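The numbering of the sequence shown is the numbering used here, which starts it at 132 and goes up by one.
Beneath this line is the structure, given in structure tokens, with notes to follow.
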Amino acid sequence: MNAENVNELSSFRNLYLMTRRPIAPWLPWVYGGLTILLLVILASELAAPAFDFRAIFILSLMMALLLLTLLNVRVYNRVESALKHRVLQLSALSEISKELFLTLNQEQVYKLVLDRAFEATGAQSGIIVLYDTPNEPHIVARRNEGKVTTGGLVSLEVFKQALKLGKPITDDEGPFANGMKRRLIAPIKREDTSIAVIVLESRRSNAFLDDDLSFMAQLAAQAGIVIENARMFDWIQESRNRLQVILDSMGDAVVVFDVDGKVALANPKVAELLNLNPNLVINEHVWRLLERSDLHFAEKLGFAPEAMRALFLDATDEAVGSGPRVTFKSISNQPRYVERTIAPVIGLDGRTDGLVMVFSDVTEEEQLAQQREDLSRMIVHDLRSPLTAMNASMKLLGELSSRENSNFARTIQRTTETSQRALRKVLNMINSLLDLAKMESGTMTLEPEYHLLRPMAEAVRAELMPLAEELDIQIIIDMPDEIPPVKIESDKIERVLLNLVDNALKFSPIGGTIRIQVRQENSEFVRVEVIDNGPGVPNDQKQHIFERFRQVEGTKGNRGGTGLGLTFAQMAVQAHGGEIWIENNPDGGSIFVFTLPAAVVVMQDEQ
């Protein structure tokens, strides 16, 4: 084609651009805004021969077919490009899911989300803004953006709109000057609350398409789950570390098992108190630990191996509760007495998630208890016989002196009576010690019979009347005649009543009154009360007043005591099927109350 032909084409092109109509069949043709230029080359010259109507029609049809072909090619290319882009995004989402759910570090999660958003959308810069609290957003990840601030972003209208709608939007609407940024804002939500926002920017026109919005919506949904998981993991790790610090500083040994029997936690005290290396048992299953014969795992925790297996077979039962306190002798180079307490670990759903065992060193307490027991045995075995002989001698001396009617004889009689009361008191203490030891060991057997309570109350009053007269204290018996008999071992219950009245005498003021009051509480129990008007028992000591050798602190009595009378009273009453407790006297003082099963109920049970 020569220059003249080119000029001719240019003139035809200019004419077409002015008229927007075809000049000849081979000249520009317009369809749907698309301009097609058809050139007919004959030999080497560009010419415009005369065409008849048929030729023009054929050329026009060819032009239309060519135009349609070009349009199809364009549509195909556009669809193919969009499809490839979407396939890449879907593939990226699949890969992102794997990467995200394998990552629990929050910083890595933010960086990974931003990197994958860049790759899938072709953004040029971006950040992730995290909302720890609604009023304190801060940037946790950025890419190719050095000067952006959270204050500038949160003030943008498109930013506010995205948070309000809760879905990705763009500000790529309307005319943009060259170089202006297009933004895509994608909120990351959990339970209708925005926890973070992804902000992507690009200077290309039409930078973010509908597919990009769909992709970012799915990415934000996945990111919300992973960020929440990462936060929960960090919280659990922090809580676990805090718990470990607390456990490490405890004076007790602590072992925590999960519901499957795996050792989840063990503090350093386990090594000292139980002779177990925490590092060897943590994350090990209890079944494997029990199989190691050299470890003696169950024995060191105070179990027989079969009992420990049974414990963890029942650990998944929702009804598993706190176990009783058990004291055992530890297996270690230095003998120790260890008290074990077991409690279930209850989850938020109310189900048992595991067990926690707490081990306390009670060696000193056990040694003191052993010393008290040895002392009690010594008192019982070494003093009981001579005191019984002395009491018999005093009784004989009193009987002999009663035959004479002289001042000397009466003086001897009063002296022997006083001595007998003191001896009976000491013998009562020794008998209480002996009975306590039998009750605790389970070797005591009661031989109950039916008895009325009034004769026992009269005997107690007669026994303590000389002492009461010395203190100018009245002992009153308030008991209706219709009180039914009770099936008891009379010696034990009479001693209970004697101990309670004697205790009231210690703390009652001179000129006071002690009342023995008996009532039928209901068809099952008879209620006995010993009421005094002394200083009373402080509330914080009421639950300890029945412990062995316990004395009321801060209260001075008329005379001292051993602290065994109330302990014996509690154990004897409970052995008969009753209960004993202390109440406040509205008029001042204390009310010691105990109950005994009525004879009617006892006979029905026997039948």
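Glycine included, every Cβ here is placed at the ideal spot set by N, Cα and C.
Note that the structure is a prediction, hence the values are computed from the model and not measured.
Beta carbon of residue i, beta carbon of residue j: below 9 Å?
| i | j | result |
| --- | --- | --- |
| L315 | T324 | no |
| L695 | L514 | no |
| V661 | L628 | yes |
| S550 | R541 | no |
| L344 | P299 | yes |
| V386 | L374 | no |
| R626 | N559 | yes |
| A635 | F699 | no |
| E580 | I614 | no |
| V417 | V394 | yes |
| A739 | P616 | Look at the range of the chain in this structure, 132 to 738, and you will see that residue 739 is not part of it. |
| L577 | H427 | no |
| V285 | A361 | no |
Evaluate residue i with the Cβ neighbour count: other Cβ atoms within 10 Å of its Cβ, from every protein chain shown; 16 or more gives buried, anything less gives exposed.
| i | result |
| --- | --- |
| Q87 | For residue 87 there is no data in the structure shown, the boundaries of the chain being 132 and 738. |
| M587 | buried |
| F725 | buried |
| V206 | exposed |
| G164 | With a pLDDT of 49 at G164, under the threshold of 50, the modelled position of that residue is not reliable, and the figure given next carries that caveat. It counts as exposed. |
| N410 | exposed |
| A308 | Interpretation of A308 is limited by its pLDDT of 45, a score under 50 that renders its predicted location unreliable; no figure is taken from the coordinates. |
| A338 | buried |
| G392 | buried |
| S563 | buried |
| G355 | buried |
| D365 | exposed |
| I319 | buried |
| V204 | exposed |
| A441 | exposed |
| K637 | buried |
Short of 8 Å in beta carbon distance, which residues of its chain neighbour residue i, apart from the five on each side in sequence? Order them along the chain.
| i | result |
| --- | --- |
| A438 | A429 |
| D609 | R646, I647, Q648, V649 |
| N716 | I662, D663, N664, G667, I722 |
| G529 | I543, Q544, T547, E548, Q551 |
| G297 | P318, K320, D323, S325 |
Enumerate in chain order the residues of its own chain whose CB-to-CB distance from residue i is below 7 Å, with the five nearest sequence positions on each side excluded.
| i | result |
| --- | --- |
| Y468 | T458, K460, V493, T494, E497 |
| P436 | L421, A429 |
| D383 | K400, V489, F490, S491 |
| K526 | Q551 |
Whole angstroms are fine: how far does the CA of residue j sit from the CA of residue i?
| i | j | result |
| --- | --- | --- |
| E250 | N275 | 13 Å |
| L584 | Q705 | 17 Å |
| L378 | V401 | 10 Å |
| V260 | L245 | 11 Å |
| R758 | E359 | Within the shown structure, residues of the chain are numbered from 132 to 738, placing residue 758 beyond reach of any answer. |
| S639 | G485 | 53 Å |
| V557 | S491 | 37 Å |
| V357 | M193 | 59 Å |
| A703 | I624 | 7 Å |
| Q501 | F677 | 19 Å |
| R592 | E601 | 14 Å |
| L199 | S336 | 28 Å |
| A553 | E710 | 29 Å |
| I367 | N408 | 25 Å |
| L518 | L631 | 23 Å |
| P780 | G720 | Given that the chain is displayed from residue 132 to residue 738, the structure contains no residue 780 and the question cannot be resolved. |
| Q237 | R471 | 41 Å |
| D603 | S516 | 34 Å |
Using CA coordinates, which residue listed in the options is at the minimum distance from residue i?
| i | options | result |
| --- | --- | --- |
| I462 | E613, G433, T549, R650 | G433 |
| K312 | R334, L294, V328, K242 | R334 |
| A248 | E652, V376, I624, A317 | A317 |
| N664 | V657, I641, R273, R626 | I641 |
| V328 | A348, T547, E578 | A348 |
| P455 | P475, P466, Q465 | P475 |
| E714 | I619, A635, F677, K673 | K673 |
| A254 | V240, E332, Q239, L565 | E332 |
| L404 | R440, R482, P466 | P466 |
| P597 | G708, T546, I413, R679 | T546 |
| H582 | N236, L565, D622 | D622 |
| A590 | L565, M570, D603, D633 | D633 |
| V747 | D718, V390, L506, I561 | Residue 747 is absent from the model: the chain starts at 132 and stops at 738. |
| A351 | R371, V330, M363 | V330 |
Excluding five sequence neighbours on each side, which residues of the same chain lie with their C-beta closer than 6 Å to the C-beta of residue i?
| i | result |
| --- | --- |
| T644 | Q605 |
| R658 | R650, E652, T726 |
| A178 | Caution is warranted here: a pLDDT of 44 is assigned to A178, below 50, making its placement in the model unreliable, and the coordinate value is therefore given only provisionally. Around A178: no qualifying Cβ. |
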